[in-house]
Amino acid sequence: MEPLRKTRLSDKAIEAIDGMILQNGFRPGDRFYSEHELAKGLQISRSSIREAIRILEVRGRVTVRQGKGIYIAGPGEEKADLFAGWLKDNKTPIFDHFEVRLIIEPKAAGRAAEQADEESLRAMEEAHEKFIRSAERGDTASLVSSDGDFHRLIAKSTKNRTLYYLMKTMTRSLSEGWITSLHVPGRVEKTVREHGDILAAIRAGDPEAAEKTMIRHLTNALADIRASME
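Right, dumping it as structure tokens:
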């Protein structure tokens, strides 16, 4: 293993871990390196490793067995079945994640409509455009990171440091909600439209519309996740 340099460490970790699986002779059912070993070998934080493993698990590359470790997924394990299992195992943290976001983010969007300057608006627009490009490529890791960036930048534009650091922590360390929603069929396309609506309301300086569009976005995402569990 070689240490990774900064620039989207979780994205780089996904590439590195995927490469290890292919190059180091791991076979389906084999136990993989632990989070500790990966973090030490790649010289990045365990939170970045944890996020990378979550994404690879949803993709069907690995499975995480509670109390046992990380294992290479077998070819007979259908991606849909793996995702359903992952949803079942992470149901509580996913719902907790959205409950907190529904408390915080609508007010953040409303405040952003009042406070965002041109530089902040451009940064949000760039994150939105990156999300669209990632959707066109089908790049899951980039989708998750650019989605998190969009929501984090909304919080940053409020000029409230506490709110910004709270959202920064959520997007980088508590990523279950972003990972989950973007793997639900059709949700990426809906997110593109909903992010566009949120951004338009913020740019228009309309706090009420910004708050309502954010509520709609989060409740729609949660509804789609619930539907995928049925």
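Take 100 as the starting number for the sequence shown in this note's numbering and just add one per residue.
We treat Cβ as the ideally placed atom computed from N, Cα and C, and that holds for glycine.
Given the structure is predicted, the values throughout are model-derived calculations rather than measurements.
Check                                                                                                                                                                          : Outcome
By Cβ distance below 6 Å, which residues in the same chain neighbour Ala226 in space, the five residues on each side in sequence not counted?                                  : Ser245, Asp248, Phe249, Leu252
Relative to the alpha-carbon of Ser167, which residue among Glu198, Glu134, Pro284, Asp216 has its alpha-carbon at the smallest distance?                                      : In the sequence as presented, Ser is not what sits at residue 167; that position holds Lys. Of Glu198, Glu134, Pro284, Asp216, the residue nearest in Cα terms is Glu134.
Taking only the alpha-carbon atoms, compute the straight-line gap between Phe230 and Met119 and give it to the nearest angstrom.                                               : 27 Å
Helix or strand or just coil, what does DSSP make of Arg338?                                                                                                                   : No answer is possible for residue 338: it lies beyond the span of the chain, which begins at 100 and ends at 329.
Using C-beta distances below 7 Å, list every residue in its chain close to Tyr300, excluding the 5 sequence neighbours before and after it, in chain order.                    : According to the sequence as given, residue 300 is Ala; it is not Tyr. The answer, listed in chain order, is Ala212, Ala308, Ala309, Thr312.
Quick one: Cα of Ala222 to Cα of Ala254, how far?                                                                                                                              : 12 Å
Give me, in chain order, the residues of the same chain whose beta-carbon lies closer than 6 Å to that of Ser241; leave out the 5 immediate sequence neighbours on both sides. : Ser233
Under the rule that 16 or more other beta-carbon atoms within 10 Å means buried, what is Thr261, buried or exposed?                                                            : exposed
Applying the 10 Å Cβ sphere with the 16-neighbour rule, what's the burial state of Met269?                                                                                     : buried
If you pair each beta-carbon of the stretch 275 to 283 with each one of the stretch 310 to 329, do three or more pairs fall below 8 Å?                                         : yes
Go ahead and pull the three-state DSSP assignment for Thr106.                                                                                                                  : With a pLDDT of only 49 at Thr106, under the threshold of 50, the placement of this residue in the model should not be trusted; the figure read from the coordinates follows. It is coil, neither helix nor strand.
Got a sec? Which residues, its chain only, sit under 7 Å from Gln214 by beta carbon, not counting five neighbours each side?                                                   : Ser256, Thr257, Lys258
By the DSSP assignment, the beta strand (DSSP E) with Arg164 in it spans what residues?                                                                                        : 161 to 164
When DSSP builds the beta bridges, which residues end up paired with Gly168?                                                                                                   : Arg164
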